[in-house]
Amino acid sequence: MKKMKLIFTATVFFVLLLPFTLQAQTDSLLESLESELPPKEVFEASTFKATRLINLHTVETLGEGILDFRVSHRFGDFSSGIQNLYGLDGPATIRIGFDYAVSDRLMIGGGRTSYAKMYDVFLKYKLLRQTVGNAMPITVTWLSSANITTVNDPLKALGVDNLTARLAYFHELMIARKMGEKLSLQIAPIFVHYNVVKQTDRNNLFAVAFSGRYKISRSMAITGEYALRAINYKTDLSGYTNSAGVGFSLETGGHVFQVFVSNSFAINQVQVVPHTTSSWKKGQIRLGFNISRVFALKRKTTWE
Amino acid sequence: MLASTSLMAQQKFRCITGKVSFFSETPLEDIEAHSDKGAAILVAGANKIVVSIPLKSFQFPNSLMQDHFNEKYVESDKYPKATFVGKIKEPIDFSVKGAYTVTAVGKLSIHGIEKVRNISGVITVVKGKVHLSSKFTIRPEDHKIEIPSLVFEKIAEEITVNIEMDMNPY
Numbered sequence: 612m613k614k615m616k617l618i619f620t621a622t623v624f625f626v627l628l629l630p631f632t633l634q635a636q637t638d639s640l641l642e643s644l645e646s647e648l649p650p651k652e653v654f655e656a657s658t659f660k661a662t663r664l665i666n667l668h669t670v671e672t673l674g675e676g677i678l679d680f681r682v683s684h685r686f687g688d689f690s691s692g693i694q695n696l697y698g699l700d701g702p703a704t705i706r707i708g709f710d711y712a713v714s715d716r717l718m719i720g721g722g723r724t725s726y727a728k729m730y731d732v733f734l735k736y737k738l739l740r741q742t743v744g745n746a747m748p749i750t751v752t753w754l755s756s757a758n759i760t761t762v763n764d765p766l767k768a769l770g771v772d773n774l775t776a777r778l779a780y781f782h783e784l785m786i787a788r789k790m791g792e793k794l795s796l797q798i799a800p801i802f803v804h805y806n807v808v809k810q811t812d813r814n815n816l817f818a819v820a821f822s823g824r825y826k827i828s829r830s831m832a833i834t835g836e837y838a839l840r841a842i843n844y845k846t847d848l849s850g851y852t853n854s855a856g857v858g859f860s861l862e863t864g865g866h867v868f869q870v871f872v873s874n875s876f877a878i879n880q881v882q883v884v885p886h887t888t889s890s891w892k893k894g895q896i897r898l899g900f901n902i903s904r905v906f907a908l909k910r911k912t913t914w915e
Numbered sequence: 036m037l038a039s040t041s042l043m044a045q046q047k048f049r050c051i052t053g054k055v056s057f058f059s060e061t062p063l064e065d066i067e068a069h070s071d072k073g074a075a076i077l078v079a080g081a082n083k084i085v086v087s088i089p090l091k092s093f094q095f096p097n098s099l100m101q102d103h104f105n106e107k108y109v110e111s112d113k114y115p116k117a118t119f120v121g122k123i124k125e126p127i128d129f130s131v132k133g134a135y136t137v138t139a140v141g142k143l144s145i146h147g148i149e150k151v152r153n154i155s156g157v158i159t160v161v162k163g164k165v166h167l168s169s170k171f172t173i174r175p176e177d178h179k180i181e182i183p184s185l186v187f188e189k190i191a192e193e194i195t196v197n198i199e200m201d202m203n204p205y
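Taken in sequence, the protein lines are chains A and B. Adding 611 to a residue's 1-based position in the first sequence gives its number in this note's numbering. Adding 35 to a residue's 1-based position in the second sequence gives its number in this note's numbering.
Below is the structure:
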């Protein structure tokens, strides 16, 4: 019940923060021209700098014809101490993947993460785009992913091991608003489904993820995210915790480099949101980074 | 006839879907961008003209360029529009069909930096409507548009801008 309240409060907080704008001009004729304009079709640029923030996706999709090669890496626990160089010696997880934008709104992608030897494919679609002047105040993006673990006999203990038993699904509706030049906030209800789980777990999980970034220069930003799992998931029995991360992101031309600390060892959202086991309270956090390199495969030649 | 001329003197023409494009040519890379959301008002009697172009409306060959243009070059969150407020020097009889080569003197504001410019163009009067066309250059340096050291796109020292606007009385 307490958690429900927290989700509710956080949601209200985000919604209340949504509307505000500013303007400044001098010439009265210019002012009247601009006030009469229907600015509804000019879309806001770059709510977030990349399609992922830390572990979780953002509302961003790539522009049409752009290919993104992504490498993500998570080191071991800080709490493993100096002998293990605070986790830099590992064990580490890595995900390598590619994303491609079919259109300015539709992006597809896939990859493989070493954690549970999992392959993933996803589809991401921008449903609504925030406009300059607030005719549309938010950007809304849908994400669905299908994931398959290829660990040998992962579910032997459960007495099932077939293709369907290895599948898991992730669905997310991301709602974000660029609040101004520097601040962007996102809230995202999440639904996770595992076809087969341990007895102490549930097949279905609801969660809400909060993400934010604050730009400190043209190329740098401070980022943060928190995935709050909803009630009824057997937290205590399973020993799972909420995933949280804080980080820094740097963009240089076609590269986006994100470095952060997070308590999640996994990289794929379908593992991060429900199955994070290490806790911030116990110092079980780790260094991680995402590197994104984009290539423009297609050049636009026709103009609307 | 006199009455209609004096009426024309008060006349305002407006365009909100003007085509604006710019070109940057360097040996390494040619970059072009297009917008169809250029807006302008022309006050016939006073020969006054104001133009406003939302910078986020420019479409680039790929969205990476568009991103860099907005975030790194023109900083469109801080300075969302390029504007021009000026006066056309030559008298134009808006009741007479024809093409007038004109020069507008006024303030061009981009990236928060105003420059007094003489911009030439052609105003064509047809059946109570006006077509405005202009081609001029902008030096990014004049408007304190810095080129970040770590970007791919190399832009020219002079950018050519084309404007085509169909203006209707309003």
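A virtual CB, placed ideally from N, CA and C, is assigned to each residue, including glycine. Here the structure is a predicted model, which means the values were calculated and not measured.
Should H146(B) and I180(B) be called a contact, given that it needs their Cβ atoms to be closer than 8 Å? yes
Should D65(B) be labelled buried (16 or more other beta-carbon atoms within 10 Å of its own) or exposed? exposed
Identity of the residue in V808(A), I801(A) and G823(A) nearest F817(A) by Cα: I801(A)
Using CA coordinates, which residue listed in S643(A), E655(A) and G698(A) is at the minimum distance from I84(B)? S643(A)
Using Cβ-Cβ distances below 9 Å, what residues of the segment 102-117 of chain B are close to chain A? D102, H103, F104, N105, E106, K107, E110, S111, D112, K113, P115 and K116
Which residues of chain B have a Cβ atom closer than 9 Å to the Cβ of I677(A), listed in chain order? N97, S98 and L99
Tell me S936(A)'s beta-bridge partners as DSSP assigns them. Absent from the model: residue 936(A). The displayed extent of chain A is 612 to 915, so no value can be given.
From which residue to which residue does the alpha helix (DSSP H) around M747(A) run? Counting along the chain, M747(A) falls outside any alpha helix (DSSP H), and DSSP gives it neither H nor E.
According to DSSP, residues forming a beta bridge with A818(A): I801(A) and R840(A)
Is the number of C-beta pairs between the segment 74-81 of chain B and the segment 100-115 of chain B that are closer than 8 Å three or more? no
Minimum Cβ-Cβ distance from R663(A) to chain B less than 8 Å: no
Please classify Y205(B): does DSSP put it in a helix, a strand, or coil? coil
Please list the partners that R829(A) has in chain B, where partner means a Cβ-to-Cβ separation under 8 Å. E106, K107, E110 and P183
Is the shortest distance between the beta-carbon of F654(A) and the beta-carbons of chain B less than 8 Å? yes
Nearest candidate by alpha-carbon position, reference T658(A), set K892(A), Y837(A), M785(A) and A855(A): M785(A)
With a threshold of 8 Å between beta-carbons, can Q94(B) be considered close to chain A, or not? yes
Give the residues of chain A in contact with A74(B), contact being defined as C-beta atoms less than 9 Å apart. L644, E645, E647 and L648
Those residues which DSSP pairs with E136(B) across a bridge: At residue 136(B) the sequence reads Thr, which differs from the Glu that was named. V157(B), per the DSSP bridge assignment.
Contact with chain A by V120(B), beta-carbon distance below 8 Å: yes
Pick out whichever of G858(A), S714(A), N763(A) and A877(A) has its Cα sitting closest to the Cα of Q869(A). G858(A)
Neighbour flag for G856(A) against chain B, beta carbons, 8 Å: no
Do the CB positions of S755(A) and H782(A) come within less than 8 Å of each other? yes
Under 9 Å Cβ-Cβ, which residues of chain A neighbour P175(B)? Those do not exist, as P175(B) stays about 15 Å from chain A at its closest Cβ, beyond 9 Å.
Report the neighbours of T743(A) on chain B: residues whose CB is nearer than 8 Å to its CB, in chain order. Per the sequence presented here, residue 743(A) reads as Val, with Thr not at that position. Simply P89, K91 and P115.
Straight-line gap, Q636(A) to K116(B) (C-alpha atoms, nearest Å): Note that Q636(A) has pLDDT 42, beneath the 50 cutoff, so the model's placement of it is unreliable and the number below is only indicative. Using only the alpha carbons, I get a separation of about 10 Å.
Would you say A746(A) faces chain B, with C-beta separation under 8 Å as the test? no
Provide the residue span of the alpha helix (DSSP H) that contains S889(A), from first to last. No alpha helix (DSSP H) holds S889(A); DSSP gives it neither H nor E.
Short of 8 Å in beta carbon distance, which residues of its chain neighbour Q94(B), apart from the five on each side in sequence? Order them along the chain. A68, H69, S70 and Q101
Contact under 8 Å by Cβ, F876(A) with G856(A): no
Going along chain B, which residues have a C-beta under 8 Å from D710(A)? Under the 8 Å cutoff, chain B gives no residues; its nearest Cβ is about 13 Å from D710(A).
What's the call for L77(B), buried or exposed, on a 16-neighbour Cβ count within 10 Å? buried
Where L90(B) falls, given that 16 or more other Cβ within 10 Å makes a residue buried: buried
Using a Cβ cut-off of 8 Å (strictly closer), state whether E671(A) contacts chain B. no
By Cβ distance below 7 Å, which residues in the same chain neighbour I51(B) in space, the five residues on each side in sequence not counted? A74
From the DSSP output, in three-state form, read off M790(A) for me. coil
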